[in-house]
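Here's the structure, in structure tokens; my notes come after.
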């Protein structure tokens, strides 16, 4: 036996009036590889996802973008399947594959009709160990990633501001650097940097497999055991640990470049899940920006008409404390100072007076509804299990739902006071420089 | 269905605009979005994966499609109203869009704020949006809240009152968004490309119209557009999820019984100019990348060559990493993160286009490579392997096109709209499997046009030094 099965039960999400269940099975191979199978037979499809506990947070100084470039290289071929053959094999079988890199982890996945899912086991076991990483291919893929950076950041004014604000908000923690990496760092990444990184982090003991859909976990684990079971453990991994020192005063970043309208992005340092404040932050996020009926849209866009769009964004699902964002684009002819003042006015309101019971209930309803609707897609469902597993344990899903349910009006006021303080914020402003001439 | 959004789908939970884009990086996000767009028109179930669908036509002319599925306590509703850009006069471009946008901004029973409040409170979504050929209203709601959801759905469909202050507010917002999009190079390229390819035809305009054309739209235009086209005999209702036939009947009786049949006005659209000469449009902007679109007029959805074109497009640039363009432009030359081709097959002829972004200095090389690949697929037969891989993807991937209730509801509605028939599901694999290498060559020659293509390049023109 290459694996032991040590967990199997029905997960019930107890939501008001509704009970949703999926059968979840958990296994562990002797080499440390964990497997989570979510059996869901409503449609003859399945997804196979492999989650590596490595992301931009783990990159050495001067090598930002390494995790993401490695993710690209993972599609460039192994000794067994040759150059760029992987996606072709998947598609030939009616499947789709893709991957993405975050601050904390890197995910590879395939989506297939359920009768083909076994292919994933072979392909993923192979590329966990046997990448070729031809130096010529590295050079070529590096320029592809540079094009990706130009596309997403260099030529996008609002995303450029996001990069500037993040870099200013963190002085010490590696969350300072975006996943895409700085251009000058990308230029310096060599084949050996990638290969060492790959050999350090891509091992069974640093990965988790999540399979969801029309599968039989007990059958599939036999194949997984055969193909992954003999892969050796990687070297012991030193977990990066870093703490951002407390911010003692507002930071302001101004970005001047060709653009049409001024834009503001404010970021406050906040804790991440499962910190006790994270639930109220989630609820607060929805009170501010959970649809057109909520505060930022109603005030800045609908009533005052100072902004074209105004929103907030918080995701507590990161390993270390991250940021709570407010952002808005000025309406034509309106000053960005007015937009900024209006955002602060909304923050003040929250600090001075508790939101209504209905607002709290609305936010909770939205979170619960999105959990249930998310189950319609096996892909979304698998992502949810993987993400909670990266934060410690997929069973934290229950902890999360419980935590949300307990949030009170007073909690929201308290956290608004605690975190949305001037000295804890980084304010970024995009100032358009010259008029764009788009005449042909 | 036109693609005008930047190629960055939000991935994270609760994705919001610019921020979320920065959280995660897909290896090739566009591939998925292009295929999704393709999916609406082409991936259908076979007998292996048949949907249990009930189709009825009500006395008022409404076509109702219903797929019952009780695995989750949710209900997805899609309503297609056969009125879109194609039904609006040029001087009032943006009329279909503005009508759709205002449905949720005030009814006989509710103010704008009441509508969003009631929908948000139950964690549902209710959206109305116009497209080139039709307008869609979609509702996603938990089963326990279906009464409230259906009530709101019917209220915005049947009773919108188009309040003047809401019209003014919405016009200002749209004008603002149009201005903001001037900073998006892909938008500039797309707008110029469509305008050149379609000329005066409504497909040549962007959905929102222009700052000038929006100004021409009066309240009575909106009221009339709604009264003329939002009719049961001009609509398709598709419902998927946790609802029995009896429950659906009861809801229809309660909320849609007042919807009356009426005569549908004939539509006016500009003529397509098919005899266009080759043309290059250069737009100068201070960018690091050249945003390039090359293409021409394509085919309509009812063209019998649709399946051969689907296979050809997959091999050329629709098939992600299996496509020739991706293989040469990205994998071999390292010139672009994204390169793709697609056909938008509408009620009338849509577009065929190849798109990519590369640093200014590589624009010439990239265009040369694209033209080389177009020439190759027009001159030489594709290999048997390429043909069979394309077929196995196209036929093998469709179960995934119908693996959620939302996808099923949308899919059934568009199958009905394009008259594909309920048995189309079983026929589709045969249509695809009957395509030969000879067909692929023939349609490539016929529909890819090296003499008449439109090339749009948005770039720092000084650095790009275009030879085209």
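Protein chains in written order, with this note's numbering: chain A, 1 to 440; chain B, 441 to 908.
We treat Cβ as the ideally placed atom computed from N, Cα and C, and that holds for glycine.
Residue 226 (chain A) - DSSP class collapsed to helix/strand/coil: helix
Interface partners of residue 871 (chain B) on chain A, CB under 8 Å: None at all; the shortest Cβ gap to chain A is about 16 Å.
Contacting residues, own chain, Cβ-Cβ under 7 Å from residue 87 (chain A) (five flanking each side not counted): 75, 97
Proximal chain B residues relative to residue 150 (chain A), where beta-carbon distance stays under 7 Å: 728, 729, 799
Partner residues on chain A for residue 514 (chain B), Cβ-Cβ distance less than 7 Å: 372, 373, 376
Residue(s) in a DSSP beta bridge with residue 895 (chain B): B:720, B:734
Unbroken beta strand (DSSP E) run spanning residue 704 (chain B), endpoints: Counting along the chain, residue 704 (chain B) falls outside any beta strand (DSSP E), and DSSP gives it neither H nor E.
Secondary structure of residue 99 (chain A), DSSP reduced to three states: strand
Proximity to residue 540 (chain B) [Cα-Cα], best of B:745, B:830, B:680, B:670: B:670
Reduced DSSP secondary structure (H/G/I, E/B, other) of residue 178 (chain A): coil
Within chain A, partners of residue 717 (chain B) - CB distance below 7 Å: Ordered by position in chain A, no residue passes the 7 Å Cβ test against residue 717 (chain B), which lies about 16 Å from the chain.
Beta-carbon gap between residue 514 (chain B) and residue 682 (chain B) smaller than 8 Å: yes
Ordered list of alpha helix (DSSP H) runs contained in the region 312-359 of chain A, each at least 4 residues: 336-352
Cutoff 7 Å; reference residue 165 (chain A); Cβ partners in own chain excluding five residues on either side: 253, 265, 267, 426, 428
Residue burial classification, residue 510 (chain B) (beta-carbon count within 10 angstroms, cutoff 16): exposed
Own chain residues within Cβ distance below 6 Å of residue 138 (chain A), not counting five before or after: 191
Straight-line gap, residue 340 (chain A) to residue 307 (chain A) (C-alpha atoms, nearest Å): 10 Å
Residues, ordered as in the chain, of the region 627-659 of chain B that lie near chain A by beta-carbon distance below 8 Å: 628, 632
Helix, strand or coil at residue 206 (chain A) according to DSSP, with G and I counted as helix: helix
Near-chain B residues of the region 34-68 of chain A - C-beta to any C-beta below 9 Å: 40, 41, 42, 43, 44, 45, 68
Per-residue contacts from residue 562 (chain B) into chain A (C-beta, under 8 Å): 365, 369
Helix, strand or coil at residue 420 (chain A) according to DSSP, with G and I counted as helix: coil
Cβ contact check for the region 55-72 of chain A and the region 801-816 of chain B: 3 or more pairs under 8 Å: no
Spatial neighbours of residue 353 (chain A) in its chain, beta-carbon cut-off 8 Å, leaving aside the 5 residues before and after: 413
Range covered by the alpha helix (DSSP H) that runs through residue 399 (chain A): 396-406
Inter-residue spacing [alpha-carbon to alpha-carbon] between residue 465 (chain A) and residue 61 (chain A): Because chain A in this structure spans residues 1 to 440, residue 465 (chain A) falls outside the shown range and cannot be described.
Members of the region 253-268 of chain A that neighbour chain B once the beta carbon cut-off is set at 9 Å: 257, 258, 259, 260, 261, 263, 265
Alpha helix (DSSP H) segment containing residue 869 (chain B), residue limits: 864-873
Spatially closest choice to residue 725 (chain B) from B:667, B:898, B:521, by CA coordinates: B:898
Contact belief for residue 796 (chain B) with residue 778 (chain B) at Cβ below 8 Å, rounded distance in angstroms: 6 Å
Reduced DSSP secondary structure (H/G/I, E/B, other) of residue 156 (chain A): coil
Min CB distance residue 619 (chain B) to chain A below 8 Å: yes
Beta-carbon proximity check, residue 888 (chain B) vs residue 782 (chain B), cutoff 8 Å: no
At least 3 beta-carbon pairs within less than 8 Å: the region 195-210 of chain A vs the region 220-237 of chain A: yes
Cα-Cα separation, residue 602 (chain B) to residue 665 (chain B): 11 Å
Same chain, Cβ closer than 7 Å to residue 460 (chain A), five either side skipped, listed in chain order: Examination of residue 460 (chain A) is not possible in this model, given that chain A is present from 1 through 440 alone.
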